[in-house]
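Numbering (my numbering), first residue to last: 2 to 563.
Reviewing the structure listed below.
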Amino acid sequence: METDKIRITLGDWMWNASVVGFINIIGEENISYVSKDTVEFSKNVLNEFENKYFNYLIETYKETLSWYKIVDFKNTITYFENNEFSNFNLKSLKQLNKYIKDTIKYYIKSASYKSVYELIDSKIDILEKEKEINTIKEPKNDGEFQNKKDDIILEVKKSFDKISEIIDYCNTVRGKKYLAGKNVIYNVIKNSWDGICFLNRQTKEKDMYIDYKKYFVDPAMEYIDSDKKKYKFSCITCNKSIKDLNNDLSFLNETGFDVGRKSSHVWNFTNDIAICPVCKLIYSCIPAGMVYVYDRGIYINANFSIKKALNINNNIKTDILVKNKKLSNQSIYRALINSINEKVNENVKYELADIQVIRFENGSYRFNILARKTIETINKSESELNHIINAGFKEAKINYNIYELVVKRIFNNQNLYTLIHKTILYKLTNDESCYYNMSHVESLLYINKKLLGGMGYMQNVDKERDIIKESKSSGYHLREEYKSKEADNKLPGISYRLLNALKTDNKNMFMDVTLNCYLYVRKEVPRVFIDALKDDDAFKTIGYAFVAGLIDEKKSKDSQNA
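Following this line, the structure appears as C-alpha cells:
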C-alpha cells in the first residue's frame, strides 16, 4: 500500500479549474504546498467528501437557489408581524400573491422537489400544505384596499401561518440538504458534467449524496489503498498506474467523448485515454472551481501558481455572488475586469504575463488570451468602463448591454468602431430603444482610442491633445450655430451623411460635408480636422466624436436618466 498522501500538479485549464474547486471544497488548510504548482493532501480529507461537496456548492450559490427564494420570505413575514401589519398595503398584497403563485406553487410541485420529499423524512405532507395556500383577491385600487384592509389582513395572517409551515419544512437540516442539493445539481453541476451518477436518468439511487459517494468517493478511496504493481495502464492526467481504461472523460461537457462510440477520435481506433478514480473525483469538482451565473461561467487560468489561481478566481466569485446582489449577465464581465484591475494595481507578478480566460456561454466553452497590452488597456479604461455598466439598447426585441459588448470586443482584440457607429445611428433613428446618452458614446471612443494605441495604431496623432473632446466640442458648437439660424432641422440629414462617410472610410465625402457646414455658418474649420487627414483611425475617432457632438439630445429621456 502506498503512502496516504496524494500529490496533484497543475496542468491544462480544465484540470486546473478542477484542482481549484477541489481545494475550495476541502479547504486550503487541508493541503500542503510542495511547490507553486503542486500540492499534496491526506486521503483522510475524502472522508464524508460527498457532504463537503454539496455543502460548498449550496453555501456558495445559496442566494441564487429556488430553495432560498422560498425560505427567504420568512424575513418578510417577520417584518409585517413585528409592525402589526401597519405598513401592509396593496403593493404588499400583490407581492404576496406573486410569491405564492411564482414561488410556493411553482417550486413545491416541481418534479425535482417531489423526487426528494421522501428523503427529508418529515411527518408533514408538503404537497397537501401547498394545496391549502391560495392567492388572496386583490382590490382594484388603494382606496378599496383601505376599506377592506381589516378583512384582508385576517386572510394574510392565515396565509402567513400556512406559508411559515412550508418555510420551516424547507429550512430544516434535511430540507436544505436535499432541496438546495437538487438546485445545485441542475443550476451549477450540470454546467460542468452530465450523464453519470445522479445526472444519469437511469440511476436507481434516489439519494444524490449516496450516489455521489458510490460513484466518485468510494472508488477513489479504494484506488488509493490498492496495490498497483500489476496495473498495466497509465492515467492520462497524473500518469499513475491504473487497472483498466474504464474511467474516461466522456462525462465532462464539451470536452470528453464516448470512447466506445467514437473510436475514430483516438489513434489507430484504439482508446488509451483513461483516468484514475482520484483524478475523476477531482474533475467532478469543476463546478466549485469555475464561477457560474445562471447559464454562464468563467475561469481564469493562472497555470503557474495554485495560490494565484485560488486568489483571482475566488475574488471573482466574491465579486459576482457576494458583493453584487443584483445578478445579471454582465456580472461575470464586471467581476473579471475588477479582478484584473485589482491585480494590476497590486503589481502581482503574473500580470506581466498573458492571461487565459475561459468563458462558458450557451453550453460551450470560449477561450481568450489577454495579452499584457490588453490588460493595460482594461486597467487604463477603468473609469470609462464603470461609466457604461448600465448602458444598453434594444434591438429586434432583445436587450443588449453595452458594457458586455465592449468587454467581449476587448477580449477578442476587436476595435469598437461598429459598436460606436451603431450607438450613434440608433440615437438618430430609434431613440426610444436607447438606454444611454452621448457621454456613454464618448466613453466608447476613449476606450477604443486606448485599445488602438495598445495595438500600435494612431501613432501620428499628437498625444498631448484630447482629439475626442475637441471634436465633440466642435460638433456641439456647430449645432448651436445651426440653431441660431433656425436650421437645426438640417442636422439629422447631415449626421446621416457623415456617418455614411465614416462607415465607408470616405475622407473626401466627410470633409466635403463638413466644409459645406462651416461655409454655411461662416465659421473657420477647427484645427482638429487636420489631424483627421493624417491617420485612418484618427479620422474615424475624430469623425464619430464630431457627430456625437452634433446630435441634439435635449428630447432624449436617457440624457436625463442615464
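Idealized CB from N, CA, C, for every residue including glycine.
Grab me the residues of leucine 499's own chain with a C-beta within less than 8 Å of its C-beta, minus the 5 sequence neighbours each way, in chain order.
Along the sequence shown, read from residue 1 onward, the residue named residue 499 stands at position 498. So the list reads Phe511, Val514, Thr515, Gly544, Phe547, Val548, Leu551, once near-sequence residues are dropped.
For the region 399-435, list the alpha helix (DSSP H) runs that are entirely contained and at least 4 residues long, ordered along the chain.
403-412, 418-430
Can you pull the DSSP bridge partners for valine 40?
Stepping through the sequence shown from its first residue, residue 40 is reached at position 39. DSSP, once it has assigned bridges, lists Ile9, Tyr34 as partnering valine 40.
Backbone secondary structure at serine 265 - three-state DSSP:
The residue you call residue 265 lines up with position 264 of the sequence shown. Only weak support is given to the placement of serine 265: the predicted model assigns it a pLDDT of 47, under 50, and the value that follows is read from those uncertain coordinates. Three-state result, serine 265: helix.
Check whether the Cβ atoms of valine 408 and tyrosine 334 sit closer than 8 Å, and answer yes or no.
Numbered from its first residue, the sequence shown carries residue 408 at position 407. Numbered from its first residue, the sequence shown carries residue 334 at position 333. In contact: valine 408 and tyrosine 334 (Cβ atoms closer than 8 Å).
Could you tell me the boundaries of the beta strand (DSSP E) in which glutamate 396 lies?
Start at 1 with the first residue of the sequence shown, and residue 396 comes out as number 395. Counting along the chain, the beta strand (DSSP E) containing glutamate 396 begins and ends at 393-396.
Can you list, in chain order, the stretches of the alpha helix (DSSP H) that have 4 or more residues and sit fully within the region 100-132?
106-109, 112-115, 118-121
Count Cβ pairs between the region 87-107 and the region 128-144 that sit closer than 8 Å; are there 3 or more?
yes
Leucine 66, DSSP secondary structure in three states:
Taking the sequence shown and counting its residues from 1, the one referred to as residue 66 is at position 65. It is coil, neither helix nor strand.
Per DSSP, the bridge partner or partners of valine 292
Position 291 of the sequence shown, counted from the first residue, corresponds to residue 292. According to DSSP, which records beta bridges pairwise, valine 292 is partnered with Ile299.
In three-state DSSP terms, what is asparagine 369?
Here residue 369 corresponds to residue number 368 of the sequence shown, with the count starting at 1. Strand.
Does the separation of the CB atoms of isoleucine 313 and serine 340 fall below 8 Å?
On the sequence shown, position 312 is the one that residue 313 refers to. On the sequence shown, position 339 is the one that residue 340 refers to. Contact: yes.
Around the Cβ of leucine 155, are there at least 16 other Cβ atoms within 10 angstroms (buried) or fewer (exposed)?
Translated into positions along the sequence shown, residue 155 becomes position 154. So leucine 155 counts as exposed.
Using C-beta distances below 7 Å, list every residue in its chain close to isoleucine 197, excluding the 5 sequence neighbours before and after it, in chain order.
Here residue 197 refers to the residue found at position 196 of the sequence shown. Excluding residues within five positions, the ones whose Cβ falls inside 7 Å are Tyr216, Phe252.
Taking glycine 290 as the reference, give the member of Leu417, Ile403, Ile26 with the closest Cα.
Locating residue 290 in the sequence shown gives position 289, where the first residue counts as 1. Comparing Cα-Cα distances from glycine 290 to each of Leu417, Ile403, Ile26, the minimum goes to Ile26.
Going by alpha carbons, who is nearest to leucine 417 out of Thr319, Leu406, Ser475?
As a working mapping, residue 417 is identified with position 416 in the sequence shown. Residue Leu406 is the option with its Cα nearest to leucine 417.
Buried or exposed: which applies to leucine 420, given that a residue is buried once 16 or more other Cβ atoms fall within 10 Å of its Cβ?
Your numbering for residue 420 matches position 419 in the sequence shown. That one is buried.
Alpha carbon to alpha carbon, how far is asparagine 31 from valine 46? Give it in angstroms, no decimals.
In the sequence shown, counting from the first residue as 1, residue 46 sits at position 45. In the sequence shown, counting from the first residue as 1, residue 31 sits at position 30. Taking the straight line joining both Cα atoms gives about 7 Å.
Note down, in chain order, each residue of its chain lying with its Cβ closer than 7 Å to the Cβ of valine 21, except the 5 sequence neighbours on either side.
The residue given as residue 21 occupies position 20 in the sequence shown. Correct list, in chain order: Gly290, Ala310, Leu311, Asn314.
Proximity to aspartate 5 [Cα-Cα], best of Tyr447, Tyr224, Leu479:
In the sequence shown, counting from the first residue as 1, residue 5 sits at position 4. Among Tyr447, Tyr224, Leu479, the Cα nearest to that of aspartate 5 is on Tyr224.
Local conformation of glutamine 203 per DSSP, three classes
Working through the sequence shown from its first residue, we reach residue 203 at position 202. Residue state, collapsed to three classes: coil.
Any idea if aspartate 38 is buried or exposed, counting beta-carbon neighbours within 10 angstroms, 16 or more meaning buried?
Taking the first residue of the sequence shown as 1, we reach residue 38 at position 37. With 16 or more other Cβ atoms within 10 Å, it is buried.
Might you give, ordered along the chain, the residues of its own chain that have their beta carbon closer than 7 Å to the beta carbon of asparagine 302, omitting 5 neighbours on each side?
Taking the sequence shown and counting its residues from 1, the one referred to as residue 302 is at position 301. Excluding residues within five positions, the ones whose Cβ falls inside 7 Å are Trp14, Asn17, Gln357, Ile359.
Starting from glutamate 255, trace the beta strand (DSSP E) in both directions and tell me its first and last residue.
The count along the sequence shown starts at 1 and reaches residue 255 at position 254. Where glutamate 255 is concerned, there is no enclosing beta strand (DSSP E), given that its DSSP letter is neither H nor E.
Can you tell me where the alpha helix (DSSP H) with phenylalanine 74 in it begins and where it stops?
Residue numbering aside, residue 74 sits at position 73 when the sequence shown is read from its first letter. Phenylalanine 74 -> alpha helix (DSSP H) spans 74-83.
Would you mind reading off the limits of the alpha helix (DSSP H) that contains isoleucine 211?
Along the sequence shown, read from residue 1 onward, the residue named residue 211 stands at position 210. Run containing isoleucine 211: 209-213, per the alpha helix (DSSP H) assignment.
Can you tell me the Cβ-Cβ gap for glutamate 29 and valine 35, rounded? I've got them flagged as a contact below 8 Å.
As a first step, residue 29 must be located in the sequence shown, where it is residue number 28. As a first step, residue 35 must be located in the sequence shown, where it is residue number 34. That pair is no contact at about 14 Å.
Buried or exposed for asparagine 449, please, with buried defined as at least 16 other CB atoms from any protein chain shown within 10 angstroms of its CB.
Here residue 449 refers to the residue found at position 448 of the sequence shown. Counting Cβ neighbours within 10 Å, asparagine 449 comes out buried, since at least 16 surround it.
List the residues that DSSP assigns as beta-bridge partners of phenylalanine 361.
Within the sequence shown, the letter at position 360 stands for residue 361. Looking at the DSSP assignment, phenylalanine 361 forms a beta bridge with Gly298, Tyr366.
If we ignore side chains and look at the alpha-carbon of each, how far apart do tyrosine 351 and isoleucine 283 end up?
Translated into positions along the sequence shown, residue 351 becomes position 350. Translated into positions along the sequence shown, residue 283 becomes position 282. In this prediction, tyrosine 351 has a pLDDT of 41, which is less than 50 and means its spatial position is unreliable; what the coordinates show is noted afterwards. Using only the alpha carbons, I get a separation of about 25 Å.
Rounded distance between the beta-carbons of isoleucine 411 and leucine 446, thought under 8 Å
In the sequence shown, counting from the first residue as 1, residue 446 sits at position 445. In the sequence shown, counting from the first residue as 1, residue 411 sits at position 410. At roughly 14 Å, the Cβ-Cβ gap does not stay under 8 Å, so leucine 446 and isoleucine 411 are not in contact.
Taking the DSSP output, what are the residues bridged to tryptophan 16?
As a first step, residue 16 is located in the sequence shown; it is residue number 15 there, counting from the start. DSSP output for tryptophan 16 lists no bridge partner at all.
Measure the C-alpha to C-alpha separation of aspartate 489 and glutamate 525 and round it to an integer number of angstroms.
Position 488 of the sequence shown, counted from the start, is the residue given in the question as residue 489. Position 524 of the sequence shown, counted from the start, is the residue given in the question as residue 525. Answer to the nearest angstrom: the Cα atoms are 19 Å apart.
When you compare the CB positions of tyrosine 483 and valine 522, do they come within less than 8 Å of one another, or not?
Within the sequence shown, residue 483 is the residue found at index 482, counting from 1. Within the sequence shown, residue 522 is the residue found at index 521, counting from 1. In this structure, valine 522 lies closer than 8 Å to tyrosine 483 by Cβ.
Here's a check: name, in chain order, each residue in its chain whose Cβ is nearer than 8 Å to the Cβ of arginine 367, leaving out the five neighbours to either side.
Mapped onto the sequence shown, residue 367 falls at position 366. Within the same chain, arginine 367 has close Cβ partners Ile359, Arg360, Phe361.
My understanding is that valine 189 touches proline 288, with C-beta atoms under 8 Å, so please give their C-beta distance in whole angstroms.
Counting from 1 along the sequence shown, the entry for residue 189 is found at position 188. Counting from 1 along the sequence shown, the entry for residue 288 is found at position 287. Indeed, because the Cβ distance is near 5 Å, the residues count as touching under 8 Å.
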